[in-house]
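Here's the structure, in structure tokens; my notes come after.
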Amino acid sequence: MTDPFLLFDLLLAGAIIALAASTLAVRDLFASIVLFIIFGLLSALAWVRLSAPDVALAEAAIGTGVTGALLLKTLHHLRFVTGRLALDTATGFTPEHPVPPAVLWANAALCGLITLGLAVAFLGAPQAGPGFDVLVADALPQSGVDHPVTAVLLNFRAYDTLMEVVVLLAAVIAVWQIERGLTAAPAPSLGEVWQGFARLSLPAIVIVGTYLLWKGAEAPGGAFQGGAVLAAVGLVLLLSRLYVPRPSHRAAARWAFVLGTGAFAAVALLVASGGRVAFQYPIEHAKTLILLIEGLVTISIAVTLAALFHGREPVAIPNERDRDDT
Amino acid sequence: MILDLLAAILIASGAFFFVAGTVGLLRFPDLYCRLHALTKADGLGLALIAMGLSLLAGSAAEILRIILIWFFVALASATCSHLIAAHARRVDRERTDD
Amino acid sequence: MMIDPLTLTLFIPLFGAIGAFVFPRVASAIGLASVLVTVGAVAALARDILAQSEVTIALGGWEPPLGISLRADGLSVAMLAMTGVVGLLVSIGAFDSLKDARQRQYFWPLWLLLLTGMNGVYLSTDIFNLYVMIEVIALAAVGLTVLSGTKAALRAGLEYMYASILGALLFLLGVGFVYLQIGRLDFAGLIAAEPTGAMSAALALMVVGLLLKTALFPLHFWLPAAHANATAPASALLSGLVVKAALYIFLRLTTYMPLPDEILVTLVGALGAGAVLWGGIQAFRAERLKMLVAWSTVVQIGLIFIAFARAGQVGLTESWKAAALLILAHGVAKAAMFLSAGRIKDEIGHDIIRDLDRSEIRPTLAQFTFALAAISLIGLPPSLGFIGKWSLLEGAMAAGYWHWVVVTMIGTLMSVAYFSRVFAGFLRFDRMRGEIAEHKGWALADIAPLTLAISAISLGLMAAPILSFIELGYPFGARP
Amino acid sequence: MTETPFLPLIILLTSLLAAPVLFALPESAARLRTCINLGVASLKVALVAWLGWKVGQGVIYDLRFTMLPGLEFKLQADPLAILFISLSAILWLITTVYSVGYLERGPHRARFFGFFSLCVAATVGIAMAGNLFTFLIFYELLTLATFPLVIHKGSAEALRAGRIYLTYTLAGGLVLLLGTLGLWVLAGTTEFRPGGVLEAVANENRLAAQMLFVVLVGALGVKAALFPFHAWLPIAMVAPAPVSALLHAVAVVKAGAFGIMRVVYEVFGIETAQALGMTAPLAAMAAITIIFGSLKAIAQDDIKKRLAYSTVSQVSYITLGVALASPIAAVGALAHLIHQGLMKITMFMAAGNLAEGLGVKRVSEMNGVGRDMPGTMLAFSAAALAMIGLPPLAGFVSKWYLAQGGLDAGASWVIALLLGSSLLNAIYFLPMLHRAWFRDGPERAEGSAGRHIGWMLAAPPITTALMVLVVGGFANAPFSPLEWTRFVVAIEYQE
Amino acid sequence: MTPDLIYGVTGIAVFAIGLVGALCAQDRLRRVLALKLCSVGAGFLLVVGAWRVPPASPDPVPHALVITGIVVMVSATAVALALIRRLQSLEAEDDD
């Protein structure tokens, strides 16, 4: 009971659990999403407390920021899909065959039991048990970067990271596929104040994103966090109509999506063709290669996340702008 | 020492304004009033806390960063409040139309 | 400088996907070529396996537990080969049958990413890597499910998505528990792990997640609609290949972390029995051909789990073989069946079983293919399905587990019952007054399923070499 | 003396490979199809004759292929196989001629002849199977190949019959699978070996061996139409006449009877089977079936149904002969396998001609048909009289040996049974002959109610009727079925 | 009581809440939220596992894993949301 932060931890944990529960409990979907965003930010805070600043940054930027934007956009679509504000859909829509309450309670009871079991298992697991600490510390000098998390992401477990970028690529392909031919729900005009804000904040966001990327080699930050912040540039551009996707931009967008994955995989293969195994960067070029990959991956992540927010692939819709402005 | 004390007072009063803003958010009757309470109190509260922290900061670079944070938060919150208010007004209008 | 085939089996489909996505106009050509080259790489890998019986690569030069290594042995190469060859034939079928340009444009990149993910699963030796791989598979598979863009497909796709994500997250939480307990994530670590509460929790979470993904009764709720409403090539891939990935992980995982209790083994078998019976009833009641085929997948999955369970904990090494044979047999036959069902639907214009005999057009070749595939799925000799069932029953009998024998027999009879509904529809003619047109000419889309169906039958003759190949590298743990 | 074992394989492949070719031919290429059909069928007869000659010389053919560790696909050509194979090869050729005539201009001929070919391939496989596992494979193939033939007409009735047929035979097939597995687990082999492979097991675990006997013989009894598993056979009569002919004469029921023979002689061994106390119940079952089938036949007015119940009865003679456990009865059983095939195929083809040419499908319509179709009815009469057991026709020969065997085995009730059965045969066959020859029928010209009966329809029944006369009359000539039968029995009884 | 214990239990609780939601939630968007909660819960467990008593720095590997998990989850969420949007559009067309 010596830790002065104990009370803070307990309060924070309580708040996180309460927010999680209320995210699912409140009737209004908008409130639910907002609660979720707060939940995400507090979780990020908790992770800072657990000395995981990289994870906290990623969670705040991607898990909460981008996800929140996606959720809000979807909610907007749900409410405006008929062309006008439909307040009655505020609580979402009920399925055709509602699940009987008995089943719900049974499920809840089951989940409760599972949780109990998991909690017991967790409490029985070794505290701060064995890990990769020593291995990573030993291998770090050969990795080409100084920040252990970046070393893990882009060298020791680069294969996972490549596949993670592949997941992102799969997502954007799937989203384009799903929403092909879909007309967007008209977005509300955000007005001049927003445009001004956009102009002012854009350069700052770019700087912050690039900074995070660059900083990633020796301190918390890196491709994913940087990419997410840069994706915010895309979001601001899209929302402020400073940039409107056109069908002619499709090819460029495709290239941008695959840039990171392609470069990452190409470097891995190139290394492999030089008599090494894939991802085994020569130590003298490791830093250069990792920075190159990170840079390209960041661009892809930023564009992909922005595209995921935008949803459908840019198609020619007659009088799109006219409709939007009404 | 005095610097520390000053900083503590500034931060404490900043926190007070935050609490006040939150009370306003919870107690005020409609959206516009809540927005008013929130933005006013938070803006001031943040400014005070930022000042308090700058007193404690070790270098000019850190102070610069604190100022930047304050600037962008203020900018974002102003824009957000504007957007929320504009949205609310539009919804109200459509509701009366129906 | 040559790159080893192991690495190539992963990277070729990935680059193919990128190419097909960036150059949509030539997506088909790129896609087909990449699948072909991937099959070539798998063949080269198979040659290596025959020579060395296993191949391991520590990616990045970092040995596990720090790094991730890829490992190929007989079983994984058999799965790769099945995936590659079935995938190639489905691709050929898709080349012809996907008429809609936009469908085609998205089919190829998604399918190649799916192939990347599946190849990754079969070569992986790291549980977190497996989590990422099943997510690659999940997203690509959902994309393929909803390729047709109909409302039914989208609904099914969303349901599938929820099940996939939940399954993957359960798996991820299990990975978390493994890390808490042993602080490493590679298979070697799992083998060495002491059985503790946390490890049991981890195993339970991962197994439930995988069962959800592989749609074992009663977690099969998402499967029939998803598989039945996709376009034919997508259905063939989903049903023939995708569910096998989770099944394979289950197989590997329970080799390294054996289920702690005989009761659990029996429970898995009991769920399998439930799948066989319930799936059989539903298939019998299905109104649409593709729905029937999808329910038959539920049945077959159940059968494979009975094979897991049938020899009890002692004889697991033996029962894996039956399971592996059944997995391969189902992969080939089900792909053939879905493709031919798709052809029938294309030709007739619907796939209502009750009205199959009212149609003036009888796509004979597709119907014949369907029947051949059904022979393997029912388990009639000399198909590979028969050999799988034979090994299953042989083990169950030798161990004196008569309940599994009875369930398997009932399942077989039920499969005869529901498939003969379809045959009756194919062969009844008196409900049509006019002339019945047959044989609408050969189509490329007919060749692919026919080849698959014929191989499903004739592979039974090659069961002995297949079995001895699968055992290369001792995938089932029993080193002599 | 062992020779390159490929001859059996070639015989199997002739019809197996003909099937896909026939499937692929378009409906319009009728002439080419006929050529292929007849060509392959004749080739097969020639090859079988050659094989029979070789085997008679003492050459042993043995072809093995490993399917699973320890489990082999095995083809052999022992004298018993030759017996069955010759029957199917010759009758296939004749039935092919008949089918070509019968199905002239009918729909789906490509499919028909494809499956017809597969069906014969399956029969050949069954005959040459060297172990129960291989037997099982072809047994299931036979089911699958005959199903489309049964429902060839594509009517609701045909489909219903097909469904019942499939249910019975596949269920039987599944039980056979169980039995094969059981044999594999118990004995560690599924090999067919004169004298059996289960002697040791029977001593150790009597109950298991007895259960295995029940399972195996029960499973095969389904196809052999052993009471009470016979119900599918009369229903399957909706099939086209050549199919019924083939089903009854060689393919399906004979496969069951042949299987029972293999199981009793070469899986259990006749001594072990007797020691297990299983032969007497089997003989009783066969006896019940013989009487039951005959009684049911009397009650039928539909010609094909009457013939079908007659088959139920007659095929059980084979089972009876096996179950009596006497070498002389075994000769009778094996001879009946051939003789019944010849007689029954004659009668079915004749019945088909009546239906096609005159539209006569019922016994009550048969008045005066002898004058309208003398050739066909002569053939029918010869076969019917042989079936009743009139000396020196084929049926008499087999019944004689069965009766002798019954005496030999000390079961004198067999004589009563055979006499009773012959009497019943006479009761249901003679009225047909009487109506055909001695009653005046309505005025009708050939082709009036049906179509012209060409030589392709007329010749086959006459040919087989002649064969009935020959095998009966020259029963003791070298290479006659009876002689060959003695050869086989000598092997099975290890004398 | 140490932070890892507190947050570990928090993580499991969050996962459980998400699980209940995923199984019981009746509308589509909320189920996505529920699954998202599950993923954060799983993240908690890994981050907690990486934690070491402060002077020692935490194990970086789980951190990398959680970051991967977050990116994977946003991809999955985006696809699920796209499906929801598309379905809603199709259903709205039908209602008109």
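Residue numbers (this note's numbering), protein chains in the order written: chain A, 11 to 336; chain B, 472 to 569; chain C, 1327 to 1806; chain D, 701 to 1195; chain E, 37 to 132.
Every residue gets a Cβ at the ideal spot worked out from N, C-alpha and C, and that includes glycine.
Please read all numbers here as calculations on a predicted model, not as lab measurements.
> Which residues, in order along the region 1373–1396 of chain C, keep a beta-carbon less than 9 Å from a beta-carbon of chain A?
Replying inline: 1383, 1384, 1385, 1386, 1387, 1388, 1391, 1392, 1393, 1394, 1396
> Can you list, in chain order, the residues of the region 127–141 of chain A whose Cβ is nearer than 8 Å to any Cβ on chain C?
Replying inline: 127, 128, 130, 131, 132, 134, 135, 136, 139, 140, 141
>> Less than 6 Å between C-beta atoms, sequence neighbours within five positions excluded: which residues of the same chain meet that for residue 814/D?
In response: Within the fourth sequence, numbered from 1, the residue matching residue 814/D stands at position 114. Excluding residues within five positions, the ones whose Cβ falls inside 6 Å are 719, 722, 723.
>> For the beta strand (DSSP E) containing residue 774/D, name the first residue and the last one.
In response: As a first step, residue 774/D is located in the fourth sequence; it is residue number 74 there, counting from the start. Counting along the chain, the beta strand (DSSP E) containing residue 774/D begins and ends at 771–776.
> Thinking C-alpha only, which one of 1569/C, 1566/C, 1624/C, 1506/C is nearest residue 128/A?
Replying inline: Looking up residue 128/A in the first sequence gives position 118. Of the candidates 1569/C, 1566/C, 1624/C, 1506/C, the one whose C-alpha sits nearest the C-alpha of residue 128/A is 1506/C.
> Should residue 102/A be flagged as near chain E, meaning a C-beta pair shorter than 8 Å?
Replying inline: To locate residue 102/A, count along the first sequence from 1; it is residue 92. Residue confidence is low: residue 102/A scores 47 on pLDDT, short of 50, so the model does not pin down where it sits. Its coordinate-derived value is still stated next. With 8 Å as the cut-off, residue 102/A counts as an interface residue toward chain E.
>> Suppose you measure from the CA of residue 64/A to the CA of residue 254/A; what does that come to, to the nearest Å?
In response: Mapped onto the first sequence, residue 64/A falls at position 54. Mapped onto the first sequence, residue 254/A falls at position 244. If you take the alpha carbons of residue 64/A and residue 254/A, they lie about 33 Å apart.
>> From the DSSP secondary-structure annotation, give me the bridge partner or partners of residue 1445/C.
In response: If you number the third sequence from 1, residue 1445/C lands on position 119. BP columns for residue 1445/C are empty, so no partner.
>> Would you say residue 1720/C lies against chain A (beta-carbon separation less than 8 Å)?
In response: One-based indexing of the third sequence puts residue 1720/C at position 394. Not one chain A Cβ lies under 8 Å of residue 1720/C.
> Leaving out the 5 sequence neighbours to the left and right, which residues in its chain are closer than 6 Å to residue 525/B when beta-carbon positions are compared?
Replying inline: The residue given as residue 525/B occupies position 54 in the second sequence. So the list reads 534, 537, once near-sequence residues are dropped.
> How about residue 993/D: is its Cβ closer than 7 Å to a heavy atom in the ligand GTP?
Replying inline: Judged by which ligands are present, the structure shown has none, so any question about the ligand GTP falls away.
> Of all the alpha helix (DSSP H) runs that stay within the bounds of the region 910–944 of chain D, which reach a length of 4 or more residues?
Replying inline: 932–935
> Excluding the five sequence neighbours on either side, which residues of its own chain have a C-beta within less than 8 Å of the C-beta of residue 1522/C, listed in chain order?
Replying inline: By one-based count along the third sequence, residue 1522/C stands at place 196. 1507, listed in sequence order.
> Are residue 98/E and residue 83/E close, meaning C-beta to C-beta below 8 Å?
Replying inline: What you label residue 98/E is simply residue 62 of the fifth sequence in a count that begins at 1. What you label residue 83/E is simply residue 47 of the fifth sequence in a count that begins at 1. Yes, the Cβ-Cβ distance between residue 98/E and residue 83/E is below 8 Å.
> How long is the line joining the alpha carbons of residue 1510/C and residue 100/E, rounded to whole angstroms?
Replying inline: Walking along the third sequence from the start, residue 1510/C turns up at place 184. Walking along the fifth sequence from the start, residue 100/E turns up at place 64. For residue 1510/C and residue 100/E, the distance between alpha carbons rounds to 14 Å.
>> Cβ closer than 8 Å: which chain B residues qualify as neighbours of residue 18/A?
In response: Walking along the first sequence from the start, residue 18/A turns up at place 8. Residues of chain B passing the Cβ test: none, with the nearest at roughly 14 Å.
> Excluding sequence positions up to five away, which residues of its chain have a Cβ less than 8 Å from the Cβ of residue 712/D?
Replying inline: Position 12 of the fourth sequence, counted from the start, is the residue given in the question as residue 712/D. Here the set comprises 775, 821, 824, 825, 828.
> Any C-beta of chain B sitting closer than 8 Å to the C-beta of residue 201/A?
Replying inline: Translated into positions along the first sequence, residue 201/A becomes position 191. Taking Cβ atoms only, chain B reaches closer than 8 Å to residue 201/A, which makes this a yes.
> Any idea what DSSP makes of residue 1395/C, helix, strand or coil?
Replying inline: By 1-based counting over the third sequence, the position of residue 1395/C is 69. Reduced to three states, the DSSP call for residue 1395/C is strand.
>> I need the DSSP call for residue 1183/D, collapsed to helix, strand or coil.
In response: Mapped onto the fourth sequence, residue 1183/D falls at position 483. Helix, per DSSP.
> Can you list, in chain order, the residues of the region 286–314 of chain A whose Cβ is nearer than 7 Å to any Cβ on chain E?
Replying inline: none
> In the region 1722–1798 of chain C, which residue ranges form an unbroken beta strand (DSSP E) of at least 3 residues, counting only runs that do not cross its ends?
Replying inline: none
> On the three-pair Cβ rule with 8 Å, is the region 1672–1684 of chain C touching the region 837–849 of chain D?
Replying inline: no
> Three-state secondary structure (DSSP) at residue 905/D?
Replying inline: Numbered from its first residue, the fourth sequence carries residue 905/D at position 205. Residue 905/D falls in the coil class under three-state DSSP.
>> What does the alpha-carbon distance come out to for the pair residue 1194/D and residue 896/D?
In response: By 1-based counting over the fourth sequence, the position of residue 1194/D is 494. By 1-based counting over the fourth sequence, the position of residue 896/D is 196. In a straight line, the C-alpha of residue 1194/D is about 11 Å away from that of residue 896/D.
>> Need the endpoints of the beta strand (DSSP E) that residue 1383/C sits in, please.
In response: On the third sequence, residue 1383/C is found 57 positions in, with the first residue counted as 1. Where residue 1383/C is concerned, the enclosing beta strand (DSSP E) stretches over 1381–1384.
>> Please tell me whether residue 1383/C and residue 1396/C are closer than 8 Å, where the distance is taken between their beta carbons.
In response: Along the third sequence, one-based indexing puts residue 1383/C at 57. Along the third sequence, one-based indexing puts residue 1396/C at 70. Yes, Cβ-Cβ distance for residue 1383/C and residue 1396/C is below 8 Å.
> Can you list the residues of chain C that residue 169/A reaches, using a CB-CB cut of under 7 Å?
Replying inline: The count along the first sequence starts at 1 and reaches residue 169/A at position 159. Residues of chain C passing the Cβ test: 1385, 1394, 1455.
> Which residues mark the beginning and the end of the alpha helix (DSSP H) in which residue 765/D is found?
Replying inline: Here residue 765/D is taken as the residue at index 65 of the fourth sequence, counted from 1. Residue 765/D -> not in any alpha helix (DSSP H); beta strand (DSSP E) instead, spanning 762–768.
>> Give me, in chain order, the residues of the same chain whose beta-carbon lies closer than 7 Å to that of residue 52/A; leave out the 5 immediate sequence neighbours on both sides.
In response: To locate residue 52/A, count along the first sequence from 1; it is residue 42. Contacts found: 22, 25, 26, 29.
> How would you list, in chain order, the residues of chain D whose beta-carbon sits under 7 Å from the beta-carbon of residue 1706/C?
Replying inline: Along the third sequence, one-based indexing puts residue 1706/C at 380. Within chain D, the residues near residue 1706/C are 840, 844.
>> Suppose you measure from the CA of residue 1451/C to the CA of residue 819/D; what does that come to, to the nearest Å?
In response: Numbered from 1 along the third sequence, position 125 holds the residue referred to as residue 1451/C. Numbered from 1 along the fourth sequence, position 119 holds the residue referred to as residue 819/D. So the two alpha carbons sit approximately 49 Å from each other.
>> Quick check on DSSP: helix, strand or coil for residue 891/D?
In response: Along the fourth sequence, one-based indexing puts residue 891/D at 191. Correct three-state label for residue 891/D: strand.
> Can you give the beta carbon distance from residue 1168/D to residue 1046/D, rounded, assuming they're within the 8 Å contact cut?
Replying inline: Reading the fourth sequence from its first residue, position 468 is the one you call residue 1168/D. Reading the fourth sequence from its first residue, position 346 is the one you call residue 1046/D. Going by Cβ atoms, the distance from residue 1168/D to residue 1046/D rounds to 6 Å, so yes, they are a contact pair.
> In its own chain, which residues sit with a C-beta less than 6 Å from the C-beta of residue 110/E, not counting the 5 before and 5 after it?
Replying inline: To locate residue 110/E, count along the fifth sequence from 1; it is residue 74. Excluding residues within five positions, none has a Cβ falling inside 6 Å.
> Buried or exposed: residue 1689/C, going by 16 or more other Cβ atoms within 10 Å of its Cβ?
Replying inline: In the third sequence, counting from the first residue as 1, residue 1689/C sits at position 363. Per the 10 Å Cβ criterion, buried.
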